[in-house]
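S.K.: Residue numbers (our numbering), protein chains in the order written: chain A, 23 to 116; chain B, 526 to 1008.
All C-beta atoms in this analysis are idealised placements derived from N, C-alpha and C, irrespective of residue type, glycine included.
Below is a structure I'd like to ask you about.
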């Protein structure tokens, strides 16, 4: 069971502001997802390594060759606020 | 009085571990093809991947893995058969995706050692972007807005974490220098602390001497030289000891070192900062180093400084300190070995001393001696001449001055300037004159005052301008007086 405090904690980490209604809904939705996952625990998984990936592929590597970067205007195009050739943001930690 | 004795008399032992971030000198970023940035205009080295745009996919840079393996092998680590990338989730403006791609429970390598310090782990990750604080104040706190420059975002990093094996601030700095020299020898990074391509954080705690449990640690950041690392750790140790002696407890916190003032300021504790909710990066498959990848990394490693210092000590009979100096500063070591190879007659110990003392003193700070006008062969010859007693130490220093200023051949310089030792006939004549001019001293020596001989030796040395061997002159004088 994911309680209200846990939902608020996760929301805070994700910088989400939730209404009371949403908190209640998330609490029940997240709980049901966890319940579903918990079903797996009914199985004997003693000798099964955790699955981090669903494909059995390794070492997909890229050569260290450079590709053109974006022109700065293009990189900044969707920034809500621009200053000094950069993305202007509220100062963190204040 | 308690059985353990009063707190004021208890001795405390420092427990120090280091966390080192190394920017790799690849051509491109860790997960995209943007070229690495060296002071370009802000945000001119970005693409949808390193800007964290939705729908983009990272791709691991093969060269970064290669460099990571080289570091892991240089630190004698066990390589993971199959290491996994994780997402480390936190919100900060320097992290466009809301997470950093790093490694968590299965790092690239573990269980290494360098010198006396064990390595806990070595892993690959990406660097964050740079936050430039808006306004001209440049202060970390108080500025209302910041500007993000994503040029650095996504630069390949190797993080090295040591075990808490270090027991003093000086040892931390000394080991840090060994690590830097080792990384520099591998060539995988610029390892420049001031420019941030080598960043060293220290976890510092104290415990009563003899205890085996650890005290609460503080994390020190932003020390951009090994001198500051040492100073910062010293200040923190003193602070913790004062707290504990007052009967209070050290709190776990992150402290920012100010090189200007030497002060340690607690960073505003990032709420929830340690709740990173790591999970495997679904967009990247594991890195499983093949035999070929490992042997290529091993083959790319040169002789490392610790091995070189050991070799110079064992094969050349150098004192440990001199051997370390030559090994840690590869350009000095290379110069030394070139000089040694150039002249078979030179004494390796004397040559090492000339390279690390006299030659270095005549170079600019950090200057590569190979770029000076003193040819390695010329220095070796000069030192050999001293060994052959053909020139005195002080005269040799004069020749070195000339070599450092304009280069040339030490034999020619010594002979042009009449700096070579005086010959046997010349010395005999000078001794004869000195005996005549110092008849009093001669009488005193005859009467048993051995010290009086100094005046006669001094006269000979003055006359020859130091081109005579003091011991030899003394022997000659004694022979003449006793005859």
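My output table needs one value for residue 105 of chain A: the three-state DSSP class, helix, strand or coil.
M.R.: Strand at residue 105 of chain A.
S.K.: Going by DSSP in three states, residue 23 of chain A sits in which element: helix, strand or coil?
M.R.: The answer is coil: DSSP assigns residue 23 of chain A none of H, G, I, E or B.
S.K.: Which word fits residue 910 of chain B, buried or exposed, when buried means at least 16 other C-beta atoms lie within 10 angstroms of its C-beta?
M.R.: With 16 or more neighbouring CB atoms inside 10 Å of its own CB, residue 910 of chain B falls in the buried class.
S.K.: To the nearest angstrom, how far is the alpha carbon of residue 608 of chain B from that of residue 885 of chain B?
M.R.: 45 angstroms
S.K.: Would you list, in chain order, the members of the segment 548-576 of chain B that have their beta-carbon closer than 7 angstroms to a beta-carbon of chain A?
M.R.: 551, 552, 553, 558, 559, 560, 566, 567, 568, 569, 570, 571, 572 and 576
S.K.: Which residue wins for smallest C-alpha separation from residue 936 of chain B, given the options B:950, B:921 and B:949?
M.R.: B:921
S.K.: Pick helix, strand or coil for residue 654 of chain B, following the three-state DSSP scheme.
M.R.: coil
S.K.: Can you tell me whether residue 65 of chain A is helix, strand or coil according to DSSP?
M.R.: coil
S.K.: For residue 596 of chain B, count neighbouring C-beta atoms within 10 Å of its own C-beta (all shown protein chains included) and say buried if the count is 16 or more, exposed if not.
M.R.: buried
S.K.: Please state whether DSSP places residue 878 of chain B in a helix, a strand or coil.
M.R.: helix
S.K.: Which residue or residues does DSSP assign as beta-bridge partners of residue 539 of chain B?
M.R.: B:731
S.K.: Which of the three DSSP states is assigned to residue 549 of chain B in this structure?
M.R.: coil
S.K.: Just to make sure I have the definition right: I need the residues of chain A whose C-beta is within less than 9 angstroms of the C-beta of residue 609 of chain B. Which are they?
M.R.: 74 and 75
S.K.: List, from N- to C-terminal side, the alpha helix (DSSP H) runs of 4 residues or more that fit wholly inside the segment 783-832 of chain B.
M.R.: 816-824
S.K.: Under three-state DSSP, which class holds residue 661 of chain B?
M.R.: Residue confidence is low: residue 661 of chain B scores 43 on pLDDT, short of 50, so the model does not pin down where it sits. No coordinate-derived value is stated.
S.K.: Taking the alpha-carbon of residue 806 of chain B as reference, which of B:610, B:984, B:584 and B:557 has the nearest alpha-carbon?
M.R.: Of the candidates B:610, B:984, B:584 and B:557, the one whose C-alpha sits nearest the C-alpha of residue 806 of chain B is B:610.
S.K.: Tell me whether residue 637 of chain B sits in a helix, a strand or coil according to DSSP, three-state version.
M.R.: strand
S.K.: Using CA coordinates, which residue listed in B:905, B:851, B:878 and B:877 is at the minimum distance from residue 868 of chain B?
M.R.: B:905
S.K.: So what does DSSP say about residue 681 of chain B, is it helix, strand or coil?
M.R.: Strand.
S.K.: Taking the CB atoms as reference points, tell me whether residue 557 of chain B and residue 579 of chain B lie closer together than 8 angstroms.
M.R.: no
S.K.: Which one of B:990, B:632 and B:703 has the shortest CA to CA distance from residue 638 of chain B?
M.R.: B:703
S.K.: Please state whether the Cβ-Cβ distance between residue 809 of chain B and residue 97 of chain A is less than 8 angstroms.
M.R.: no
S.K.: Could you tell me which chain A residues have their CB closer than 7 angstroms to the CB of residue 800 of chain B, listed as they occur along the chain?
M.R.: Those within 7 angstroms of residue 800 of chain B in chain A are 35.
S.K.: CB-CB under 6 angstroms to residue 466 of chain B, same chain, minus the five flanking residues each way: which ones, in chain order?
M.R.: Past the boundaries of the shown model lies residue 466 of chain B; chain B is included only from 526 to 1008, so the question cannot be answered.
S.K.: Between residue 601 of chain B and residue 863 of chain B, what straight-line distance do the alpha-carbon atoms span, to the nearest angstrom?
M.R.: 29 angstroms
S.K.: Using a Cβ-Cβ cut-off of 8 angstroms, state whether residue 658 of chain B counts as contacting chain A.
M.R.: yes
S.K.: With a threshold of 6 angstroms on Cβ separation, who are the neighbours of residue 709 of chain B within its own chain once the five nearest residues in sequence on each side are excluded?
M.R.: 716
S.K.: Please state whether the Cβ-Cβ distance between residue 698 of chain B and residue 755 of chain B is less than 8 angstroms.
M.R.: yes
S.K.: According to the Cβ coordinates, are residue 566 of chain B and residue 94 of chain A closer than 8 angstroms?
M.R.: Contact flag set, yes.
S.K.: Pull up the distance between the alpha-carbon of residue 953 of chain B and that of residue 927 of chain B, whole angstroms please.
M.R.: 30 angstroms
S.K.: Hey, is the segment 743-753 of chain B in contact with the segment 768-786 of chain B, meaning 3+ C-beta pairs nearer than 8 angstroms?
M.R.: Contact holds: three or more Cβ-Cβ distances are below 8 angstroms.
S.K.: Would you grab the beta carbon distance between residue 543 of chain B and residue 727 of chain B for me? Rounded to a whole angstrom, and I think it's under 8 angstroms.
M.R.: With a contact defined as Cβ atoms closer than 8 angstroms, residue 543 of chain B and residue 727 of chain B qualify at about 6 angstroms.
S.K.: Return no unless some Cβ of chain B is closer than 8 angstroms to the Cβ of residue 53 of chain A.
M.R.: Not an interface residue.
S.K.: Given a limit of 8 angstroms on CB to CB distance, which residues of the segment 670-694 of chain B reach chain A?
M.R.: 670, 671, 672, 673, 674 and 675
S.K.: Could you check what DSSP says for residue 753 of chain B in three-state terms: helix, strand or coil?
M.R.: helix
S.K.: Please identify, using Cβ separations under 7 angstroms, the residues of the segment 830-863 of chain B that lie next to chain A, in order along the chain.
M.R.: none
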